[in-house]
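226 is the number of the first residue of the sequence shown in my numbering; add one for each residue after it.
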Amino acid sequence: MQVEVKHVPVLFDAVMAALQPRRGGRYLDCTVGSGGHTAGLLERCAPEGRVLGTDADPDAIARVRARLGDHPCLTLRQAWLDEVPALARALGFVPLDGILIDLGLSSDQLEDAARGFSFQREGPLDMRFDPTQGVPASAWLDRVDRLTLARVLREYGEVPNALRVAEAIWRARPIRTTTQLRDVVSGVMRARSRRIHPATLVFQALRIAVNDELRRLREALPQLMALLVPGGRIAVIAFHSLEDRIVKHTFRMASRAGSGDGAAMAEDALPPMRLLTPKPITPSPQEIALNPRARSARLRVAERLALEANAEAC
Ligand SMILES: C[S@@+](CC[C@H](N)C(=O)[O-])C[C@H]1O[C@@H](n2cnc3c(N)ncnc32)[C@H](O)[C@@H]1O
């Protein structure tokens, strides 16, 4: 079956260079999206290798199944990031040679007005990655108090004057559509740059809250790293500083565990890792010109060390 895919995978070559997928290897793609990176992993590890592809969004799973699903080396399952470690173990899909997490939204999600992710398209204010679970953003707004809303806008969107913006949104409720919310925000926030609409930050903040994205990432990372074979690698692409900070901090603490640094004693739950990207890898100007959605991407990579390496370092 032919499926139309709009999403262009970000930092594709850098991800393949980082994970070095090899024939016969076992790989986990925790955010299959539209299947771009998944296809790259499959091509390189087949025919003896295996890829487990997961995503919270049932539409993403269906899209990738339609695109690649009859590939004999691919297993697809719907799962939130923090559910993936238990799923991989339950499927016997461990240990792993490589793991990819490509956070945020795919272009296919963003451009589907019915999903409510974009303020440029009139649609229901939903924003759930999994529309069968939890509450849509409109209902979340109905229930939230002013101060919590202000905190979410400030912490997850770094929205300037968050209290004033929260107040305006709170008073305008019920808000049922994406464009309704955009217009309320435009009425109270001034554009700080021509490139970024003020609603961008508010939509980002609500999406993170509705999907509980940061908690899931924080909880999943150490458990996922523990599933790697020594020498196995994990690559994470983040699209905003909040996600990137969690990845950077977790990798740094795990690399201290790897070096036997006393400062990491409290982090002994983290498997020992070697940091392969002291600075994040970012897209080239050419990639950004071809795919402007890549512009805020930051890729960080870490490699699992053998436990003995940790003991030696101590
Ligand atoms: C940028 S897209 C991935 C694109 C993919 N790498 C490709 O090449 O097509 C991000 C995907 O991650 C999923 N996602 C984001 N946060 C998630 C989470 N906490 N748990 C599970 N899936 C998540 C989204 O549903 C989306 O499909």
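Just so you know, even glycine gets a beta-carbon here, dropped at the ideal spot from N, CA and C.
| Check | Outcome |
| --- | --- |
| Ligand 1 heavy atoms versus the CB of Phe428: any closer than 7 Å? | no |
| Taking the CB atoms as reference points, tell me whether Cys543 and Leu306 lie closer together than 8 Å. | Since the displayed the chain opens at 226 and closes at 539, residue 543 lies outside it and no answer follows. |
| What residues in its chain sit with their C-beta under 6 Å from that of Thr300, if we drop five residues either side in the sequence? | Leu277 |
| Which residue from Pro455, Leu293, Val228, Ser332 puts its Cα closest to that of Pro548? | Outside the displayed range of the chain (226 to 539) lies residue 548, so it cannot be described from this structure. |
| From Pro517 to Leu244, what does the alpha carbon distance come to, in whole angstroms? | 24 Å |
| Three or more C-beta pairs closer than 8 Å, one from the segment 422-438 and one from the segment 398-412: is that the case here? | yes |
| Does the Cβ of Asp327 lie closer than 7 Å to at least one heavy atom of ligand 1? | yes |
| Pull the bridge partners of Pro496 from the DSSP assignment, please. | The partner list for Pro496 (beta bridge, DSSP) is empty, contrary to what the question assumes. |
| Just checking, does the segment 377-387 make contact with the segment 428-440 on the three C-beta pairs under 8 Å criterion? | yes |
| Looking at the secondary structure, which residues open and close the alpha helix (DSSP H) in which Ile459 lies? | Ile459 -> not in any alpha helix (DSSP H); beta strand (DSSP E) instead, spanning 453-463. |
| Just to check my reading of the structure: Pro191 and Cys298 have Cβ atoms closer than 8 Å, yes? What is that Cβ distance to the nearest angstrom? | Residue 191 lies beyond the stretch modelled for the chain, which goes from 226 to 539, so this question has no answer here. |
| State yes or no: is the C-beta of Glu528 nearer than 7 Å to some heavy atom of ligand 1? | no |
| Expressed to the nearest angstrom, what Euclidean distance is found between the alpha-carbon atoms of His262 and Phe237? | 7 Å |
| Quick one: what's got a C-beta closer than 8 Å to Gln303's C-beta in the same chain, skipping five residues either side? | Thr279, Asp280, Ala281, Asp282, Pro283, Ile286, Asp355 |
| Cβ of Glu438 within 7 Å of any heavy atom in ligand 1? | yes |
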